[in-house]
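J.: Here it is: the structure, laid out below.
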Amino acid sequence: MTPIRVLAIAGSPRRHGNSEILLDWILDEMGQDPDVRVTKVVLSDADIAPCRGCNACEKLNACVNHDGMDLLHDQILEADCIILSAPIYCMSICAQAKALVDRAQVFRSRKYVLKLPVVPPERIGKRWGIFISTAGQDWDYVFDAAIPVVKCFFHVIEVKNRDLSYLMIRHVDEKGAVMSHPTARGDALSLSRSVLETMKERLT
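Going by full-length UniProt numbering, the sequence shown wraps up at 204, each residue one higher than the last.
Structure, rendered in structure tokens:
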């Protein structure tokens, strides 16, 4: 079987915090499968500048910013599964993750303005996305503003809503608090197994 390529993006500016712990639990479980190849990118180290809003990508089919997104752009397109982890800051995803979403404008321009394929047609419907998030607040609506942002990102890279999974844990504020959460680790392991099973069915 061709290896399943998993791209994991750790969006938090705080290394090894709650959202990254959840991400690592999933990656550790996936990494035990010999058919899986995992690449992890830490956004705070990736040198990704904000979008300039210049719309040059509508003509160039590329971004005029040349930074860490040059590499991540190709990794996003090559991956079979893209996992984005990001904590909630002020009711939406943190700035580092939002900068990544905004820089996905190049994919939107390719798809809707230039009418070019983002990925080969045969790969559409075979890619999967996972959004992982944590929040300090215990409000049941604390993730509501983040979800449309994340859906927009996955939509323009040709991961459909039906192919998205979520792991969102609230009321974990202190660094490492998620490790004491009663269900978080089990939920992470269960999600990783479920996604891999589904992906293997689709890719074979």
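In this text, a Cβ means the ideal position worked out from N, Cα and C, and glycines have one as well.
(1) By how many angstroms is the C-alpha of glutamine 105 removed from the C-alpha of leucine 84?
(2) I'd like to check one pair, valine 6 with phenylalanine 38: are the Cβ atoms closer than 8 angstroms?
(3) Helix or strand or just coil, what does DSSP make of alanine 135?
(4) Spatial neighbours of isoleucine 93 within its chain, please: C-beta separation below 8 angstroms, excluding the five flanking residues on both sides.
(5) When DSSP labels each residue in this structure, what does leucine 114 get in the three-state scheme?
(6) Could you check which residue in Met168, Phe153, Val156 and Met30 has the C-alpha nearest to that of aspartate 138?
(7) Using DSSP bridges, identify the partner residues of cysteine 81.
(8) Check whether the Cβ atoms of leucine 164 and phenylalanine 131 sit closer than 8 angstroms, and answer yes or no.
(9) Checking 8 angstroms against the spacing of the C-beta atoms, do isoleucine 4 and methionine 199 come in under that value?
(10) In three-state terms, what does DSSP make of methionine 91?
(11) Of all the options Ile9, Gly31 and Trp128, which has the alpha carbon lying nearest to the alpha carbon of glycine 68?
(12) Based on Cα-Cα distance, which residue from Asn161, Ile48 and Asn55 lies nearest to leucine 114?
(13) Shortest alpha-carbon distance to methionine 91 belongs to which of Thr2, Tyr141, Met30 and Asp173?
(14) Pick from Arg127, Ser180, Asp24 and Glu122: whose alpha carbon is nearest that of glutamate 197?
(15) For glutamate 58 and arginine 108, what's the separation of their Cα atoms in angstroms?
(16) Between which two residues does the alpha helix (DSSP H) harbouring isoleucine 26 extend?
T.: With the given structure in hand:
(1) Counting only the Cα atoms, glutamine 105 lies some 17 angstroms from leucine 84.
(2) Contrary to the premise, residue 38 reads as valine rather than phenylalanine in this sequence. Cβ atoms of valine 38 and valine 6: closer than 8 angstroms.
(3) Strand, per DSSP.
(4) Excluding residues within five positions, the ones whose Cβ falls inside 8 angstroms are Gly11, Ala86, Pro87, Val101, Ser133, Ala146, Val149 and Val150.
(5) Looking at leucine 114 - three-state DSSP - the assignment turns out to be coil, as it is neither helix nor strand.
(6) Comparing Cα-Cα distances from aspartate 138 to each of Met168, Phe153, Val156 and Met30, the minimum goes to Met168.
(7) Residue pairing from DSSP places cysteine 81 in a beta bridge opposite Val6 and Trp128.
(8) Contact flag set, yes.
(9) Cβ distance < 8 angstroms, so isoleucine 4 and methionine 199 count as in contact.
(10) Coil at methionine 91, not helix or strand.
(11) Measuring C-alpha to C-alpha distances from glycine 68 to each of Ile9, Gly31 and Trp128 identifies Ile9 as the nearest.
(12) The shortest C-alpha separation from leucine 114 is found at Asn55.
(13) Of the listed residues, the one whose Cα sits closest to methionine 91 is Tyr141.
(14) Nearest of Arg127, Ser180, Asp24 and Glu122 to glutamate 197, Cα basis: Arg127.
(15) Their Cα atoms are separated by approximately 9 angstroms.
(16) Element bounds for isoleucine 26: 18–31.
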